[in-house]
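> This structure is in structure tokens; I'll ask about it shortly.
In this note's numbering, the protein residues as written are 2 to 306.
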């Protein structure tokens, strides 16, 4: 019998190109986009339930994060006109095109809602804009997972299911963290619950991501990406626990510590995901080995059928 061929690549060179996204622009944009989207969702819920003292800081956080995120995206693209060019057409098949329109709508509506909340002008317009961000916000918080996973980068593409939950949970945790510090302590109950739920979702999604992908989970566990992902889990679990405890006391210290831990955890997760993708693109085995495994599985199915 001919022995199975060992893994080889052409002089060890990468098979796919390294992602062109840069640090810190892209990871910070991913964080700010999630923060803006989840803050808008919280603000819309508070608007409907009459929690004005919590809705106002959530609206402001959504507007500031949306505008700052757009600035980081422009910095990533290099020139402002590149972002404007993406708004010339709408391509449903392009995550970048759809995402650009979501970002433009979310940032504009959030700015109107926050401006009305701060100045007291045009309250009906501000309320309508705030409720509209309840629709664009969840899109903004999760489309970035599609943007990352709809690529040829092995560890991103294979983790498309988990990344959606990881990014959504991270967005909820970071938005809850900001709101529970910015709002009066007695009014921050929904923000604390959002932070706890988000921390739980992010932690579970991260664990599943590193267990389900087989060889493609290695980049999430090794090197600088692995250190960042482990730090993200520790910070997120700690922040979620502190958020749960903060509601049992009148002191704000647990809320502040929770917000700091959740924010740091969310940023570490975004940087970790970016670096894991780069590591999987740089090593050709993450492209070739899963392909060979899929071919072998199809051949076994045919033989068994």
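Even glycine gets a Cβ: it sits at the ideal position worked out from N, Cα and C.
On a predicted model such as this, the values are computed, not experimentally measured, just so you know.
If you draw a straight line from the C-alpha of residue 227 to the C-alpha of residue 40, how long is it?
Roughly 28 Å separates the two Cα atoms.
> To which residues of the same chain is residue 73 closer than 7 Å at the C-beta, ignoring the five residues directly before and after it?
Cβ neighbours of residue 73 beyond the five flanking positions: 26, 29, 30 and 33.
> Quick one: which unbroken alpha helix (DSSP H) runs of 4-plus residues sit fully inside the segment 116-184? Chain order, please.
Here the runs fully enclosed are 124-150, 155-159 and 161-183.
> Could you give the residue range of the alpha helix (DSSP H) that holds residue 243?
Taken as a continuous stretch (DSSP letters only), the alpha helix (DSSP H) holding residue 243 covers 224-247.
> Measure the C-alpha to C-alpha separation of residue 20 and residue 157 and round it to an integer number of angstroms.
Those two C-alpha atoms are separated by around 11 Å.
> Taking Cβ positions, are residue 160 and residue 229 nearer each other than 8 Å?
No.
> Taking 8 Å as the threshold (C-beta atoms), are residue 218 and residue 211 in contact?
Yes, the Cβ-Cβ distance between residue 211 and residue 218 is below 8 Å.
> Using a beta-carbon distance below 8 Å, is residue 144 in contact with chain D?
The structure shown contains no chain D; it holds only a single protein chain.
> Just tell me which of 239, 252, 280 and 254 has its CA closest to the CA of residue 265.
Taking only the C-alpha atoms, the option nearest residue 265 is 239.
> Which residue wins for smallest C-alpha separation from residue 104, given the options 57, 35 and 47?
Residue 104 has its Cα closest to that of 35, out of 57, 35 and 47.
> Compute the beta-carbon to beta-carbon distance between residue 246 and residue 182, rounded to the nearest angstrom, for a pair I have assumed lies under 8 Å.
Between residue 182 and residue 246 the Cβ distance is about 15 Å, and since that is not below 8 Å, they are no contact.
> Enumerate in chain order the residues of its own chain whose CB-to-CB distance from residue 106 is below 7 Å, with the five nearest sequence positions on each side excluded.
Excluding positions up to five away in sequence, the list reads 137.
> Within its chain, find whatever has a CB closer than 7 Å to the CB of residue 165; leave out the 5 residues flanking it on each side and keep chain order.
Cβ neighbours of residue 165 beyond the five flanking positions: 143 and 146.
> Roughly how many angstroms separate the alpha carbons of residue 83 and residue 291, rounded to a whole number?
Roughly 35 Å between the two C-alpha positions.
> Hey, would you say residue 57 sits closer than 8 Å to residue 133, going by beta carbons?
Cβ atoms of residue 57 and residue 133: not closer than 8 Å.
> Leaving out five residues before and five after residue 243 in sequence, what residues of the same chain have Cβ atoms less than 6 Å from its Cβ?
Within the same chain, residue 243 has close Cβ partners 255, 258 and 259.
> Rounding to the nearest angstrom, what Cα-Cα distance links residue 92 and residue 99 in this structure?
Taking the straight line from one Cα to the other gives about 7 Å.
> Helix, strand or coil: which one does DSSP assign to residue 14?
Of the three classes helix, strand and coil, the one that applies to residue 14 here is coil, per DSSP.
> Would you kindly check if the distance between the Cβ of residue 49 and the Cβ of residue 192 is under 8 Å?
No, the pair does not count as a contact, with Cβ atoms beyond the cut-off.
> What separation, rounded to the nearest whole angstrom, lies between the Cα atoms of residue 15 and residue 283?
Rounded to the nearest angstrom, the two C-alpha atoms are 5 Å apart.
> Please specify which runs of the beta strand (DSSP E), each continuous and at least 3 residues long, are wholly inside the segment 71-104, giving them in chain order.
None, since the segment 71-104 contains no complete beta strand (DSSP E) of that length.
> With 16 other CB atoms within 10 Å as the buried threshold, where does residue 60 fall?
It is buried - the Cβ of residue 60 has at least 16 other Cβ atoms within 10 Å.
> Taking the alpha-carbon positions, what's the residue 320 to residue 199 distance?
Given a span of 2 to 306 for the chain in the structure shown, any question on residue 320 remains unanswerable.
> Report the rounded CA-to-CA distance for residue 194 versus residue 296, giving the unit in angstroms.
Cα to Cα, residue 194 sits roughly 46 Å from residue 296.
> Might you give, ordered along the chain, the residues of its own chain that have their beta carbon closer than 8 Å to the beta carbon of residue 1, omitting 5 neighbours on each side?
Outside the shown range of the chain, which is 2 to 306, sits residue 1, and nothing can be said about it.
> Got a sec? Which residues, its chain only, sit under 6 Å from residue 90 by beta carbon, not counting five neighbours each side?
None.
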